[in-house]
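Visitor: In the order they appear, the protein sequences are chains A and B.
With full-length UniProt numbering as the guide, the letters of the first sequence map in order to residues 1 to 243.
With full-length UniProt numbering as the guide, the letters of the second sequence map in order to residues 1 to 342.
Sending over a structure as structure tokens; questions will come in a sec.
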Amino acid sequence: MLVESSKGIVGIHNVSKCYGKEHVLKKIDLDIMKGEIFGLLGPSGAGKTTLVKQLVGLDLPSAGDIFIFKEEIPSLKLIERIGYMAQSDALYTELTAKENLEFFAALYGLKGSKKKERMKEVMDIVQLTDHLKKLVSNYSGGMKRRLSLAIALLHDPELLILDEPTVGIDPVLRKSIWSAFYTLKEKGTTIIVTTHVMDEAEKCDRLGMIRTGELIAVGTPEQLKQVTKSSSIEEAFLVYGGA
Amino acid sequence: MRVFALVIRILRQLIRDKRTMALLIFAPILVLTMLHLVFNGDDYVPTIGIVDIPDPILEKLDLKDVDIKTYSDTDAATNDLASQKLDGYLFFENNAPDIVLEGSDPSINAATMMSLQEALQPLQGNVMSVEPSTEYLHGSGDMGQFDYFGPVLLGFFVFFFVFLIAGVSFLRERTTGTLERLLSSPLRRWEIVLGYVLSFGIFTTIQATIIASYVIYVLGMLMEGSFINVLIITLLLSLTALTLGILLSSFANNELQMMQFIPLVIVPQIFFSGLFNLDTISDWLSWIGPLTPLYYAADALRNVMVRGYGFNDIYTELLILAGFPLLFMTLNILALKKYRKI
């Protein structure tokens, strides 16, 4: 399934997860390379979030193992090298955006001029610099999403794990956020994105299609379309899904 | 440093939330003021009917501190008694005094009986009884009921409000997903618990100082011991409330379910904290008292405020009170394992 396993920085081997009798993930095998944007594509309830949470250490596989930077999860050392954006906006709405950023910056040990610099950089990326002093409770849904993304980028992690990062963000801004992803990729950052939007999936370097807990296909968007002789990712997904 | 960031964040959130701040400080002050007014009000003056009593006897009666109404026959008096215009009436039958009471409120019964007994005393012949002189080991003759209940209530309200606010704020941390976000950061589990304890510790120290100063210096509650000891006791009690609130919040899915702990966890503590006489509680229930934190705090507060005891006399209670938050903190750190194994 893979080409250059030596370059893989995330190794998911034979991972299964069950809650009681329900099997949420079934024997997932996947390697993710350094510096790529890897998309996990699948409908809601497919198991994307469960898989992503395991990478961050918030959940453990029932079977199989996961290695990140050649270290087995869960590990507190790894956490500092990973930036995570959850599906729900985990923000303190009573505080301003600036106070939220300051808090998370302190958790990752950022301080002084470095902290200020990073706060400015990430807020520029998500174009919220003008709203820095606003209370988060006054933010719109899309703005909260962008602030969550800014917080995930704050400590300049080597691996970014983003759970549906562009939900509720308008197309113009979505485009600029994706161009920020490409800039990060050029700097060597690896990005894992989950999405259920097919056109967004086209922008990823490689895609993993997940359906009912099974990884049904992995490859570049072009490969997946060619092999299934389809014109769009959506069609390809339907072919792999057995429709 | 990370704990410090957490402390600043929680304090910022508390200060932003003006209503909650007001609840934590002014609600106990309001309730304690009302209780002070209820318990330390003027003595009740009973209204007593006098039915057809010959003037020579009437002159002899000692009728101070009562309102008097005179009646010519018992029927009129009974009518007024029934319509609650009278608390009781006195008449003479066969030269012996007879008392009829309205009878539905025990405390009014007692007050009426006492007034009537005093009134009738001059009739009881010339036996001058020697009134014993009374001395008090603790307190004094003019100590009101509020002085005795007060220390327990002070502890109770601090416990109640801190339990609720801390429980709900940790619950929100969990339900809004920020707890998960914290656990995906390098923050350690013990740092989260310690951050909560420190920030609420700072806040409740201020809260306890304001409330205790108010009841002691404004309401004039009896205060024989040292103020610092009162603060130490309330601080330990509020840390117990905080850590217990956080612990129980993991068994609640929303704010309403957090409220459901009040009748289970908070209310029973009132009964065993010494607000009522513990010696008369039936044996099969009396074991509960020593399990509740308020039991020790109320005892220690009363020892300091009413009996004027010093630190050496209350340190056993303080040790037990320090044990509760330590136990709950440990359990909290373990409970967080549910969200992150390391």
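C-beta: ideal position from N, C-alpha, C; glycine also.
Does DSSP put PRO165/A in a helix, in a strand, or in coil?
Guide: As a working mapping, residue 165/A is identified with position 165 in the first sequence. Coil, per DSSP.
Visitor: Between the stretch 73-83 of chain B and the stretch 143-152 of chain B, can you find at least three pairs of beta-carbon atoms closer than 8 Å?
Guide: no
Visitor: Short of 9 Å Cβ to Cβ, which residues in the stretch 89-111 of chain A face chain B?
Guide: Flagged, chain order: ASP89, ALA90, LEU91, TYR92, THR93, GLU94, LEU95, GLU99, ASN100, GLU102, PHE103, PHE104, ALA105, ALA106, LEU107, TYR108, GLY109, LYS111.
Visitor: Using the Cβ count rule (16 or more neighbours within 10 Å means buried), how would you classify GLN226/A?
Guide: As a first step, residue 226/A must be located in the first sequence, where it is residue number 226. Result: exposed.
Visitor: Assuming contact is defined by CB atoms lying nearer than 8 Å, are GLY142/A and ASP163/A in contact in what I supplied?
Guide: The residue labelled residue 142/A in the question sits at position 142 within the first sequence. The residue labelled residue 163/A in the question sits at position 163 within the first sequence. Not a contact, by the Cβ cut-off of 8 Å.
Visitor: Nearer than 7 Å: is that true of the beta carbon of VAL158/B relative to any heavy atom of the ligand FMN?
Guide: What this structure holds is no ligand at all, so the ligand FMN is not there to describe.
Visitor: Of all the CB atoms in chain B, is at least one closer than 8 Å to the CB of ALA150/A?
Guide: The count along the first sequence starts at 1 and reaches residue 150/A at position 150. With 8 Å as the cut-off, ALA150/A does not count as an interface residue toward chain B.
Visitor: Which whole-angstrom value describes the C-beta separation of MET85/A and ALA152/A, a residue pair presumed to lie in contact below a C-beta threshold of 8 Å?
Guide: Here residue 85/A refers to the residue found at position 85 when the first sequence is read from its first residue. Here residue 152/A refers to the residue found at position 152 when the first sequence is read from its first residue. Sure, about 4 Å apart at Cβ, within 8 Å.
Visitor: Is ILE97/B helix, strand or coil by DSSP?
Guide: Taking the first residue of the second sequence as position 1, residue 97/B is located at position 97. Correcting the residue type first, residue 97/B is Pro in the shown sequence and not Ile. Strand.
Visitor: Is LEU294/B closer than 8 Å to ILE211/B when the C-beta atoms are compared?
Guide: To locate residue 211/B, count along the second sequence from 1; it is residue 211. To locate residue 294/B, count along the second sequence from 1; it is residue 294. No.
Visitor: Could one say the Cβ of ILE79/A lies closer than 8 Å to chain B's Cβ atoms, at least one of them?
Guide: Taking the first residue of the first sequence as 1, we reach residue 79/A at position 79. Closer than 8 Å: yes.
Visitor: Identify whether ILE281/B lies in helix, strand or coil by the three-state DSSP scheme.
Guide: Start at 1 with the first residue of the second sequence, and residue 281/B comes out as number 281. Of the three classes helix, strand and coil, the one that applies to ILE281/B here is coil, per DSSP.
Visitor: Give me the subset of the stretch 48-65 of chain A whose CB atoms are less than 7 Å from a CB atom of chain B, sorted by chain position.
Guide: VAL56, GLY57, LEU58, LEU60
Visitor: ALA201/A and GLY35/A look like a contact to me (Cβ under 8 Å); what is the Cβ gap, rounded to whole Å?
Guide: Here residue 201/A corresponds to residue number 201 of the first sequence, with the count starting at 1. Here residue 35/A corresponds to residue number 35 of the first sequence, with the count starting at 1. The pair is not a contact, with the Cβ atoms about 19 Å apart (cut-off 8 Å).
Visitor: What are the residues of the stretch 159-193 of chain B that lie near chain A, defined by any Cβ-Cβ distance shorter than 7 Å?
Guide: THR176, GLY177, THR178, GLU180, ARG181, LEU183, SER184, SER185, PRO186, LEU187
Visitor: Return the chain-ordered list of same chain residues with a C-beta closer than 8 Å to the C-beta of LYS120/A, the five sequence neighbours on each side being excluded.
Guide: The residue you call residue 120/A lines up with position 120 of the first sequence. Result list for LYS120/A: THR129, in chain order.
Visitor: Would THR70/B be called buried (16 or more neighbouring beta carbons within 10 Å of its own) or exposed?
Guide: Translated into positions along the second sequence, residue 70/B becomes position 70. By the neighbour-count criterion, in which a residue is buried when 16 or more other Cβ atoms sit within 10 angstroms of its Cβ, THR70/B is exposed.
Visitor: Can you round the beta-carbon distance between ILE192/B and LEU6/B to whole angstroms, since I take them to be within the 8 Å contact cut?
Guide: Along the second sequence, read from residue 1 onward, the residue named residue 192/B stands at position 192. Along the second sequence, read from residue 1 onward, the residue named residue 6/B stands at position 6. That belief holds up - the Cβ atoms of ILE192/B and LEU6/B are roughly 7 Å apart, short of 8 Å.
Visitor: Quick check on TYR196/B - is its C-beta less than 8 Å from some C-beta in chain A?
Guide: For the purposes of this step, residue 196/B is taken as residue 196 along the second sequence, with counting starting at 1. False, the Cβ-Cβ gap to chain A never drops below 8 Å.
Visitor: Using a beta-carbon distance below 8 Å, is TYR84/A in contact with chain B?
Guide: The count along the first sequence starts at 1 and reaches residue 84/A at position 84. Judged by the 8 Å Cβ criterion, TYR84/A is in contact with chain B.
Visitor: Of the choices ALA208/B, LYS338/B, VAL265/B, whose alpha-carbon is the least far from that of LEU301/B?
Guide: Numbered from its first residue, the second sequence carries residue 301/B at position 301. Selected option, being the one with the closest Cα: ALA208/B.
Visitor: With 8 Å set as the bound, which would you pick, yes or no: does the beta-carbon of PRO165/A sit closer than that to a beta-carbon of chain B?
Guide: Locating residue 165/A in the first sequence gives position 165, counting from the first residue. Answer no: the Cβ-Cβ gap between PRO165/A and chain B never drops below 8 Å.
Visitor: Would ILE270/B pass as a contact of PHE156/B if the rule is Cβ separation under 8 Å?
Guide: Residue numbering aside, residue 270/B sits at position 270 when the second sequence is read from its first letter. Residue numbering aside, residue 156/B sits at position 156 when the second sequence is read from its first letter. The answer is yes: Cβ separation under 8 Å.
Visitor: Taking only beta-carbon atoms, is LEU215/A less than 8 Å away from chain B?
Guide: Within the first sequence, numbered from 1, the residue matching residue 215/A stands at position 215. Against chain B, the CB of LEU215/A has no partner CB under 8 Å away; the residue lies outside that interface.
Visitor: So, does the CB of THR189/A fall closer than 8 Å to a CB anywhere in chain B?
Guide: In the first sequence, counting from the first residue as 1, residue 189/A sits at position 189. Judged by the 8 Å Cβ criterion, THR189/A is not in contact with chain B.
Visitor: What three-state label does DSSP hand LEU63/B in the structure shown?
Guide: For the purposes of this step, residue 63/B is taken as the residue at position 63 of the second sequence. Here LEU63/B sits in coil by DSSP.
Visitor: Name the chain A residues whose beta carbon is nearer than 9 Å to that of ALA5/B?
Guide: Along the second sequence, read from residue 1 onward, the residue named residue 5/B stands at position 5. Per Cβ cutoff of 9 Å: GLU102, PHE103, PHE104, ALA105, ALA106, LEU107.
Visitor: Measuring only between beta-carbons, confirm whether LEU76/A sits less than 8 Å from chain B.
Guide: As a working note, residue 76/A is residue 76 in the first sequence. Answer yes: the Cβ-Cβ gap between LEU76/A and chain B drops below 8 Å somewhere.
Visitor: Who are the Cβ neighbours of MET329/B in its own chain at under 7 Å, not counting the five residues just before and after it?
Guide: Residue mapping note: residue 329/B aligns to position 329 of the second sequence, counting from 1. Cβ neighbours of MET329/B beyond the five flanking positions: VAL193, VAL197, THR243.
Visitor: Does any residue of chain A bring its CB to less than 8 Å from the CB of ASP17/B?
Guide: Here residue 17/B corresponds to residue number 17 of the second sequence, with the count starting at 1. ASP17/B counts as touching chain A.
Visitor: What are the boundary residues of the beta strand (DSSP E) that VAL197/B is part of?
Guide: Here residue 197/B refers to the residue found at position 197 when the second sequence is read from its first residue. Careful: VAL197/B lies outside any beta strand (DSSP E), inside the alpha helix (DSSP H) at 189-213.
Visitor: How big is the Cα-Cα spacing for ILE108/B and SER115/B?
Guide: As a first step, residue 108/B is located in the second sequence; it is residue number 108 there, counting from the start. As a first step, residue 115/B is located in the second sequence; it is residue number 115 there, counting from the start. So the two alpha carbons sit approximately 11 Å from each other.
Visitor: Please identify the residue among ASN312/B, PRO97/B, PRO263/B, ALA298/B whose C-alpha is closest to the C-alpha of GLY49/B.
Guide: Taking the second sequence and counting its residues from 1, one reaches residue 49/B at position 49. For GLY49/B, the nearest C-alpha among the options comes from PRO97/B.
Visitor: Within 10 Å of its beta-carbon, does LEU32/B have 16 or more other beta-carbons around it, so buried, or fewer, so exposed?
Guide: Here residue 32/B is taken as the residue at index 32 of the second sequence, counted from 1. Flag for LEU32/B reads buried.
Visitor: Buried or exposed: which applies to GLN84/B, given that a residue is buried once 16 or more other Cβ atoms fall within 10 Å of its Cβ?
Guide: Taking the first residue of the second sequence as position 1, residue 84/B is located at position 84. Exposed, by the Cβ-count rule.
Visitor: What distance in whole Å lies between the Cβ atoms of SER88/A and GLY177/B, which are believed to be in contact at a cut-off of 8 Å?
Guide: Here residue 177/B corresponds to residue number 177 of the second sequence, with the count starting at 1. Here residue 88/A corresponds to residue number 88 of the first sequence, with the count starting at 1. That belief holds up - the Cβ atoms of GLY177/B and SER88/A are roughly 4 Å apart, short of 8 Å.
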